[in-house]
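Residue numbers (this note's numbering): 7 to 358.
For each residue, glycine too, the CB sits at the ideal point set by N, CA and C.
These numbers were taken from a predicted model, which means no experiment stands behind them.
This report concerns only the one structure given below.
Next up, the structure:
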């Protein structure tokens, strides 16, 4: 696509809009990766990031030609650099506008967690605090020593009282996402907060756990799973509920060629319309930054529909956030993900 084409407003609704988002994100991913590689190549050391020094770098290194030629080359290079930077900022704001308050420069945003290590990410609210007060001590008893971050959406979501109680466990920090995200025109809440919590945590490699998910073994073992080691993204399969084919819908939303992973998925084969359970997610967000941004968009500006306006949202097409992860990877053209080989089921019952 030409630059003016990728910067035009994304119109439409439902599956057609998702497909267009996928096409634009794939274009963005190529440009972003090239831009990111340039800035890391210009870094003074292996850990650095040249934020404002690219022009100085160009000035210092265009010295091989005569003075006049060097000056002309410098001016041309600076113009090209500024033009590309302007384009990337506009493209970023078109696709991922909620990032503006915290980090409008997404290359810089990504560089912050390159050496962020591993950690556990939870989302919290006052209603979930009792679950967290059970889950966190249990993780420690299982031998898990990873730092924990609990992300929430303002004081009305997780009160100062509960934050203090959770942080008293040690190795636990509460972070307010509402200060980092621009949700003007939509409201971030509930399930939708998961991909944003992963993105805005300080860790690079993340084990996201729902507050009501319990482990019988140290969950750090998941980082040793072959699927995670190979791909950097480990998902879990949902229960096999009812037969349902979503093949036509997948063909509608996903730019071609359709991957073999999609063709082997339950919604494609008709075994079930439910593929993923998002109560546990293991991801290296340095490797999958654009895919995560895509998932966040699906749970943000494009999440809700409006029947009166004829607008179909993502949550009108899938049940909550859970399918948006593997589908977000596919929309972004990122095929490096794996599903855990274990089966899903139910345990226990309910008596009245």
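Contact between residue 171 and residue 207 is absent: CB atoms are separated by about 20 Å, not below the 8 Å threshold.
Cβ-Cβ distances below 6 Å link residue 42 to 113 in the same chain, with the five nearest sequence neighbours on each side left out; the list follows chain order.
In this structure, the CA atom of residue 220 is about 44 Å from the CA atom of residue 12. In the three-state reduction of the DSSP assignment, residue 316 falls in the coil class. Under the DSSP assignment, residue 284 falls outside any alpha helix (DSSP H), being part of the beta strand (DSSP E) whose first and last residues are 282-290.
For residue 334, the three-state secondary structure derived from DSSP is helix. Looking at the backbone, the Cα of residue 340 and that of residue 297 are separated by about 7 Å. Counting the other Cβ atoms within 10 Å of the Cβ of residue 155 gives 16 or more, which makes it buried. The beta carbon of residue 217 sits closer than 8 Å to the beta carbons of 128, 129, 130, 134, 137, 138 and 141 from its chain, once the five residues preceding and following it are set aside; these are given in chain order. For residue 229, no alpha helix (DSSP H) encloses it, and the DSSP letter there is neither H nor E. At the C-beta level, residue 167 and residue 327 stay beyond 7 Å of one another. The beta carbon of residue 268 sits closer than 7 Å to the beta carbons of 256, 260, 274 and 336 from its chain, once the five residues preceding and following it are set aside; these are given in chain order. Look at residue 272 here: in three-state DSSP terms it is helix. Residue 295 is positioned such that its CB atom lies no closer than 7 Å to that of residue 124.
Relative to the Cα of residue 10, the nearest Cα in the group 153, 184, 94 and 325 belongs to 94. Assignment of residue 245 by DSSP, reduced to helix, strand and coil, places it in the coil class. Across the structure, residue 318 and residue 309 are spaced so that their CA atoms are roughly 9 Å apart. By the Cβ rule, the segment 93-110 counts as touching the segment 22-37, because three or more pairs are nearer than 8 Å.
Closest in alpha carbon position to residue 159, among 175, 122, 198 and 150, is 198.
Residue 14 counts as exposed, since fewer than 16 other C-beta atoms from the protein chains shown sit within 10 angstroms of its C-beta. Between residue 214 and residue 286 the beta-carbon gap is near 7 Å, inside 8 Å, which marks them as a contact. The criterion of a C-beta distance shorter than 7 Å is not satisfied by residue 228 and residue 278. Per DSSP, the unbroken beta strand (DSSP E) holding residue 158 starts and ends at 154-158. Scanning the segment 159-215 from its first residue to its last, the whole alpha helix (DSSP H) runs of 4-plus residues come out as 166-173 and 199-206. Spanning the alpha carbons of residue 150 and residue 289 requires a straight line of approximately 17 Å.
For residue 126, the three-state secondary structure derived from DSSP is strand.
For residue 239, the secondary structure class from DSSP, reduced to helix, strand or coil, is strand.
With fewer than 16 other Cβ atoms from the protein chains shown falling within 10 Å of its own Cβ, residue 325 counts as exposed.
Each residue's CA atom was taken as its position, placing residue 224 and residue 111 some 36 Å apart. Approximately 5 Å separates the beta-carbon atoms of residue 157 and residue 181; this is inside 8 Å, confirming the contact. Nearest neighbour of residue 44 by Cα position, chosen from 87, 249, 283 and 19, turns out to be 87. Secondary structure note for residue 116: its alpha helix (DSSP H) is the uninterrupted segment 112-117. Residue 295: member of the alpha helix (DSSP H) spanning 295-304, first to last residue. Assignment of residue 40 by DSSP, reduced to helix, strand and coil, places it in the helix class. Separation of residue 89 and residue 104 (C-alpha to C-alpha, rounded to the nearest whole angstrom) is 23 Å.
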